[in-house]
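Residue 125, in our numbering, is where the sequence shown stops; the numbers in between run on with no holes.
Even for Gly, the Cβ is constructed at its ideal location relative to N, Cα and C.
From a predicted model like this one, the values you see are computed outputs, not experimental measurements.
Working notes, beginning with the structure itself.
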Amino acid sequence: APCPQIEYVGASDPNPLMYAPMPPFPSAPPAPLPPPGAVSVPTGRAVKDPHINFAYGGSADLRGRHNALYNFLSVPDLSVNVKTEEAIFTLHGGALKVNGSFLTEAHV
Numbered sequence: 018a019p020c021p022q023i024e025y026v027g028a029s030d031p032n033p034l035m036y037a038p039m040p041p042f043p044s045a046p047p048a049p050l051p052p053p054g055a056v057s058v059p060t061g062r063a064v065k066d067p068h069i070n071f072a073y074g075g076s077a078d079l080r081g082r083h084n085a086l087y088n089f090l091s092v093p094d095l096s097v098n099v100k101t102e103e104a105i106f107t108l109h110g111g112a113l114k115v116n117g118s119f120l121t122e123a124h125v
């Protein structure tokens with residue numbers, strides 16, 4: 018589903034880049050089916066402001082601190098960190114004001 022249109026109404030950091038509307042996230046094509054006999058590996062994802070789907074069915078919403086880095090994945094020889102930035106915006110034609118955050122950078 019496409020992201021709702023976002024209207025920014027303010028934030029604690031006067032960075033004007035934070036107020037530019039975010040483009041809709043493209044829908045990822047469905048993953049191909051594994052060949053017969055292949056081992057299935059669970060996957061996870063984080064999208065939008067961010068909503069996180071964990072590999073084994075759990076989910077969560079993350080409200081990150083402004084300009085903070087969080088470790089999203091740590092395995093031998095690989096670490097993925099993400100940066101969050103605060104954004105205050107409205108949804109549903111201004112009916113809902115959200116004090117949230119967005120993932121703005123990934124560091125591998």
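May I ask you to report which of helix, strand or coil DSSP gives residue i?
i	result
TYR73	coil
GLY7	Absent from the model: residue 7. The displayed extent of the chain is 18 to 125, so no value can be given.
VAL56	coil
GLY61	coil
LEU79	coil
LEU50	coil
VAL125	coil
The beta strand (DSSP E) with residue i in it runs from where to where?
i	result
ASN88	85 to 92
Can you tell me whether residue i is buried or exposed? The criterion is at least 16 other CB atoms within 10 Å of its CB, across all chains shown.
i	result
GLY74	exposed
PHE106	buried
PRO126	Since the displayed the chain opens at 18 and closes at 125, residue 126 lies outside it and no answer follows.
ALA104	buried
LEU95	exposed
SER76	exposed
GLU102	buried
SER91	exposed
VAL97	exposed
LEU50	exposed
_With three or more C-beta pairs closer than 8 Å as the rule, is the segment 52 to 62 touching the segment 105 to 119?_
Counting Cβ pairs under 8 Å, fewer than three are found: no touch.
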